[in-house]
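**Q**
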Amino acid sequence: MNSAAAWSVYNYNPADTNITPTPADYANGTATFHFQKGVYTARLTTDANTLTGDLSAKTLNAALSISGATGAFVDHLGGGCRNPPAVRFFFITQGQGGFAYTNYWWSNPVSWVLANGTTNLTQKVNDPAKWSDFNGKLGTNDPATTAAFEAAIANVQTVGLSFGEDCFFENGTTTSDGSGTFSSTFTES
Numbered sequence: 028m029n030s031a032a033a034w035s036v037y038n039y040n041p042a043d044t045n046i047t048p049t050p051a052d053y054a055n056g057t058a059t060f061h062f063q064k065g066v067y068t069a070r071l072t073t074d075a076n077t078l079t080g081d082l083s084a085k086t087l088n089a090a091l092s093i094s095g096a097t098g099a100f101v102d103h104l105g106g107g108c109r110n111p112p113a114v115r116f117f118f119i120t121q122g123q124g125g126f127a128y129t130n131y132w133w134s135n136p137v138s139w140v141l142a143n144g145t146t147n148l149t150q151k152v153n154d155p156a157k158w159s160d161f162n163g164k165l166g167t168n169d170p171a172t173t174a175a176f177e178a179a180i181a182n183v184q185t186v187g188l189s190f191g192e193d194c195f196f197e198n199g200t201t202t203s204d205g206s207g208t209f210s211s212t213f214t215e216s
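Each residue of the sequence shown is one higher than the one before, starting from 28 at the first, in this note's numbering.
(1) For Ser211 and Asp204, what's the separation of their Cα atoms in angstroms?
(2) Taking Cβ to Cβ, would you say Val66 is nearer than 7 angstroms to Thr201?
(3) Output the distance between the C-alpha atoms of Asp193 and Leu78, rounded to the nearest integer angstrom.
(4) How is the beta strand (DSSP E) around Thr68 delimited, first residue to last?
(5) If distances are taken between C-alpha atoms only, which option among Gly56, Leu71 and Thr57 comes closest to Asn38?
(6) Can you tell me whether DSSP reads Ala96 as helix, strand or coil?
(7) Strictly by DSSP, which residues pair up with Ile119?
(8) Report the rounded CA-to-CA distance for Asn143 versus Phe60, giving the unit in angstroms.
(9) Within 10 angstroms of the Cβ of Pro155, are there 16 or more other Cβ atoms? Answer buried if so, exposed if not.
(10) Which one of Ser206, Glu215, Glu197 and Ser216 has the shortest CA to CA distance from Cys108?
(11) Is there contact between the segment 155 to 171 and the segment 74 to 93, where contact requires at least three CB pairs shorter than 8 angstroms?
(12) What residue from Thr172, Ala181 and Gly187 has the CA that sits closest to Gln1's CA?
(13) Check Asn29 in the structure and name its three-state DSSP category.
(14) Is Lys157 helix, strand or coil by DSSP?
(15) Let me know the secondary structure DSSP gives Pro136 once reduced to three states.
(16) In angstroms with no decimal places, state the Cα-to-Cα distance between Asp169 and Asp160.
(17) Compute the Euclidean distance between the alpha carbons of Gly95 and Ala171, then round it to the nearest angstrom.
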């Protein structure tokens with residue numbers, strides 16, 4: 028995809044076996060989606076050329092807002108971590124040989140607990156102590172993980188936001204009654 032307007036929402040499919048993408052609403056630099064009852068949103072991401080590639084010298088910024096949520100925010104696993112659902116930065120790289128834990132990275136601990144209101148998130152990409160991989164290892168866990176993190180930030184293929192709890196960052200969230208609209212104006216500096 029070649030445009031910053033190419034944002035997708037990834038929701039768990041009805042069989043809960045994987046996450047499937049649908050286009051997000053996008054206007055004036057802001058990606059938006061509506062929470063739906065029983066549909067758990069895991070990601071809001073883009074693979075636009077203008078926001079991917081070598082992010083090693085970049086800082087991610089997101090102006091976030093939620094409006095109209097009348098039900099409680101719930102996660103796909105039913106509160107297994109006992110902490111409220113949150114949103115955080117997320118990116119994917121493509122390593123050689125297919126799946127690897129170090130192809131997926133989440134900002135940790137930078138996040139926002141989901142609630143009506145607005146906030147701004149900011150996270151430097153090249154700080155391995157503030158990112159954890161698919162296996163929960165911080166980028167500073169050991170020399171191999173740090174090397175994988177450095178390789179990942181130099182070749183980001185998908186970037187955006189992830190929704191979940193604080194021990195499962197992408198297990199998906201919604202509101203108990205399907206109300207509410209989430210908006211993100213995502214930039215890099």
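Glycine residues also receive a C-beta, built at the ideal position from the N, C-alpha and C atoms.
**A** Looking at the coordinates:
(1) 22 angstroms
(2) yes
(3) 25 angstroms
(4) Thr68 to Thr73
(5) Leu71
(6) coil
(7) Tyr131 and Thr185
(8) 14 angstroms
(9) buried
(10) Closest option to Cys108, Cα to Cα, is Glu197.
(11) no
(12) Nothing in the structure corresponds to residue 1, since the chain is present only between 28 and 216.
(13) Reliability fails at Asn29, whose pLDDT of 38 lies under 50, so the model's placement of it is uncertain and the value that follows must be treated cautiously. Here Asn29 sits in coil by DSSP.
(14) helix
(15) coil
(16) 12 angstroms
(17) Each residue's alpha carbon lies about 45 angstroms from the other.
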